[in-house]
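*Asks:* Chains as they are written, first to last, in the working numbering: chain A, 5 to 206; chain B, 5 to 206.
Below you'll find the structure I mean.
Number of protein chains: 2
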Amino acid sequence: MVYRATPLTESKKMECREKLLASGLKLVLEGGFGNITIIKVAQRSQVATGTMYRYFSSKGELCEDIFRTATEIELSKVAKTCQQPGTPTDRMNQTLTEFAQRAIKGRRLAYALIAEPVDSMLDETRLQFRRAYANHFSRLIEEGIQTGEFCEQPSMISATAIIGAISEALIGPLSPENCDPIESQKLTHDIVSFCLRALSAK
Amino acid sequence: MVYRATPLTESKKMECREKLLASGLKLVLEGGFGNITIIKVAQRSQVATGTMYRYFSSKGELCEDIFRTATEIELSKVAKTCQQPGTPTDRMNQTLTEFAQRAIKGRRLAYALIAEPVDSMLDETRLQFRRAYANHFSRLIEEGIQTGEFCEQPSMISATAIIGAISEALIGPLSPENCDPIESQKLTHDIVSFCLRALSAK
DNA sequence: CTAAAAAATGAACCATGATTCACTTCTTAA
DNA sequence: TTAAGAAGTGAATCATGGTTCATTTTTTAG
């Protein structure tokens, strides 16, 4: 008879994977993707560097996974608000406002997800998610054009411009490092107003 | 009597410095700041790596110099168009249109200057120049508010949003890799229209 | 308890690329 | 023409950080 050990159950394996992802996300929250190092991730997870390679084929895969997970959460929130009942204008207003407020609240993460320099591996993934954001906005814009609330316009270009405008104003290098709730509410309102004017002006 | 050689004339020194800067700029045009390597810059300039350190204290200084020079050229063009005679609307239209067209034409450089990931050394410089762009736009917006062509709005936030909108739409990852002149003209028109609507809608 | 397989370890290795510096070559005033 | 200093050289060094793998530890079926 041959003695053998069974592999860890999938859940056990996932547990360790999750631990590594969680540590990685923390590091991103603290200092962006540039703050991720195999050594740091391993230390935070109380694990040796070699162990990481049992769960991820490379640092890139780890980063991509962190990116994907975090972005999907944000994306699903955007999707949800976009599809609520109400006029396109109202929905756009709410979607952008909440999008902006979340970005302000989690400025570091928002910057890492939307704008931070990452190596080309992530660029592809980021591109994919930007398209996804833009698609949501674009659909909403088209609805607004249908109802006559928004003027005729190429919806995808406007959607892209909106993403750029919000990103730049909120998390770009020009934005204030911190602002109190009142300030940030005003900032959000101003930038969302800007976007809505662009959408609806005749 | 002590024999001595005189240092190279300033112009001679500048000549070599310029050669290095020119090679560096070429490399940026070809593949962004990430494409700059001391070795490559030296090779292009037909010079040894050590020689570079006679003219620049570090790679960062070289990059910063390239960045600064290229940006100042663009900035002066923006400034010039901003200050032409005409209504604020017309001037804004022309400024943004030309800004966008130059960005499309020199996409790689534009990307490198506006958006490309660079190390923190350059971030400070980039911030400075973004402020400079935004200030030009902001002043023009305020003029427009005075004349009543533009609605009441926080001019600096709008200016920032405009920069973001154009950057994202033109050189962000969503933009088409290349487009023929007709396409790019339409793209420019669409995005500039977006910005002008945001500025002037009541 | 035992042995075989799985899992974990972390020091060594490797790749990249900036920076240095002992040495060679060039320039110029005398 | 010459010697002192300037300029140039590029191989060696350093720094960072990802990846590997021979070895040790843990787990589990029997």
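Glycine residues also receive a C-beta, built at the ideal position from the N, C-alpha and C atoms.
Are the Cβ atoms of Leu29 of chain A and Tyr59 of chain A separated by less than 8 Å?
*Replies:* As a working mapping, residue 29 of chain A is identified with position 25 in the first sequence. As a working mapping, residue 59 of chain A is identified with position 55 in the first sequence. In this structure, Tyr59 of chain A does not lie closer than 8 Å to Leu29 of chain A by Cβ.
*Asks:* What are the start and end residues of each continuous alpha helix (DSSP H) run of 4 or more residues lying completely inside the segment 61-130 of chain B, in chain order?
*Replies:* For the segment 61-130 of chain B, whole alpha helix (DSSP H) runs of length 4 or above, ordered along the chain, are 63-86, 92-109 and 111-118.
*Asks:* Do Leu33 of chain B and Val45 of chain B have their C-beta atoms closer together than 8 Å?
*Replies:* Residue numbering aside, residue 33 of chain B sits at position 29 when the second sequence is read from its first letter. Residue numbering aside, residue 45 of chain B sits at position 41 when the second sequence is read from its first letter. No, the Cβ-Cβ distance between Leu33 of chain B and Val45 of chain B is not below 8 Å.
*Asks:* Can you give me the Cβ contacts of Gln98 of chain A inside the same chain, cut-off strictly under 6 Å, excluding the 5 residues immediately before and after it?
*Replies:* Taking the first residue of the first sequence as position 1, residue 98 of chain A is located at position 94. So the qualifying residues of the chain are Thr85.
*Asks:* Do you know offhand how far Arg112 of chain A's Cα is from Ala104 of chain A's?
*Replies:* Reading the first sequence from its first residue, position 108 is the one you call residue 112 of chain A. Reading the first sequence from its first residue, position 100 is the one you call residue 104 of chain A. Answer to the nearest angstrom: the Cα atoms are 13 Å apart.
*Asks:* Looking at the C-beta of Ala205 of chain A, does it have a partner C-beta in chain B at a distance below 8 Å?
*Replies:* By 1-based counting over the first sequence, the position of residue 205 of chain A is 201. Yes, contact with chain B.
*Asks:* Give me the subset of the segment 182-201 of chain A whose CB atoms are less than 8 Å from a CB atom of chain B, sorted by chain position.
*Replies:* The residues in question are Leu191, Asp194, Ile195, Ser197, Phe198, Cys199 and Arg201.
*Asks:* Beta-carbon within less than 6 Å of Lys159 of chain A's beta-carbon, same chain only, minus the 5 sequence neighbours each way: which residues are those?
*Replies:* As a working mapping, residue 159 of chain A is identified with position 155 in the first sequence. In the sequence under discussion, the amino acid at residue 159 of chain A is Ser, which differs from the Lys named in the question. The answer, listed in chain order, is Ser142, Ile145 and Glu146.
*Asks:* Going by DSSP, what residue range makes up the alpha helix (DSSP H) through Ile167 of chain B?
*Replies:* One-based indexing of the second sequence puts residue 167 of chain B at position 163. Unbroken alpha helix (DSSP H) run through Ile167 of chain B: Ser159 to Ile175.
*Asks:* List, in order along the chain, the chain B residues whose C-beta lies closer than 8 Å to that of Glu172 of chain A?
*Replies:* What you label residue 172 of chain A is simply residue 168 of the first sequence in a count that begins at 1. Simply Thr164, Ala165, Ile167, Gly168, Ala169, Ser171 and Glu172.
*Asks:* For Leu203 of chain A, which residues of its own chain have a beta-carbon under 6 Å away from its beta-carbon, when the five flanking residues on both sides are left out?
*Replies:* For the purposes of this step, residue 203 of chain A is identified with residue 199 of the first sequence, where counting begins at 1. Excluding positions up to five away in sequence, the list reads Phe154.
*Asks:* Alpha helix (DSSP H) containing Ala205 of chain A: first to last residue?
*Replies:* Position 201 of the first sequence holds residue 205 of chain A. First-last for Ala205 of chain A: undefined, no H or E at that position.
*Asks:* Return the CA-CA distance between Glu172 of chain B and Ala83 of chain B, expressed in angstroms with no decimal places.
*Replies:* Counting from one through the second sequence, the residue named residue 172 of chain B turns up at place 168. Counting from one through the second sequence, the residue named residue 83 of chain B turns up at place 79. Those two C-alpha atoms are separated by around 21 Å.
*Asks:* Of all the CB atoms in chain A, is at least one closer than 8 Å to the CB of Ile161 of chain B?
*Replies:* Your numbering for residue 161 of chain B matches position 157 in the second sequence. Yes, its Cβ sits closer than 8 Å to a Cβ of chain A.
*Asks:* On a CA-only basis, which of B:Thr164, B:Thr151 and B:Asp123 is nearest Arg134 of chain B? Give me that one, please.
*Replies:* Position 130 of the second sequence, counted from the first residue, corresponds to residue 134 of chain B. Among B:Thr164, B:Thr151 and B:Asp123, the Cα nearest to that of Arg134 of chain B is on B:Thr164.
*Asks:* Taking DSSP as the reference, what is the three-state secondary structure of Phe133 of chain A?
*Replies:* On the first sequence, position 129 is the one that residue 133 of chain A refers to. Helix, per DSSP.
*Asks:* Go ahead and label Gln47 of chain A buried or exposed: buried means 16 or more other beta carbons lie within 10 angstroms of its beta carbon, across all protein chains shown.
*Replies:* The sequence position of residue 47 of chain A within the first sequence is 43, counting from 1. Gln47 of chain A comes out exposed.
*Asks:* Helix, strand or coil for Val51 of chain A? Go by DSSP, reduced to three states.
*Replies:* Here residue 51 of chain A is taken as the residue at index 47 of the first sequence, counted from 1. Note: Val51 of chain A maps to coil in three-state DSSP.
*Asks:* Leaving out five residues before and five after Ser188 of chain A in sequence, what residues of the same chain have Cβ atoms less than 7 Å from its Cβ?
*Replies:* One-based indexing of the first sequence puts residue 188 of chain A at position 184. The answer, listed in chain order, is Ile108.
*Asks:* Going by other Cβ atoms of all chains shown within 10 Å of its Cβ, with 16 needed for buried, is Gln157 of chain B buried or exposed?
*Replies:* On the second sequence, position 153 is the one that residue 157 of chain B refers to. Buried, since its Cβ has 16 or more Cβ neighbours within 10 Å.
*Asks:* Quick one: grab the DSSP three-state call for Phe141 of chain A.
*Replies:* What you label residue 141 of chain A is simply residue 137 of the first sequence in a count that begins at 1. Helix.
*Asks:* Could you name the residues of chain A that Pro121 of chain B contacts, counting a contact when the two beta carbons are closer than 8 Å?
*Replies:* Residue numbering aside, residue 121 of chain B sits at position 117 when the second sequence is read from its first letter. The contacting residues are Glu120, Pro121 and Val122.
*Asks:* In whole angstroms, give me the CA-to-CA distance for Gly168 of chain B and His140 of chain B.
*Replies:* Translated into the one-based positions of the second sequence, residue 168 of chain B becomes position 164. Translated into the one-based positions of the second sequence, residue 140 of chain B becomes position 136. C-alpha separation (whole angstroms): 15 Å.
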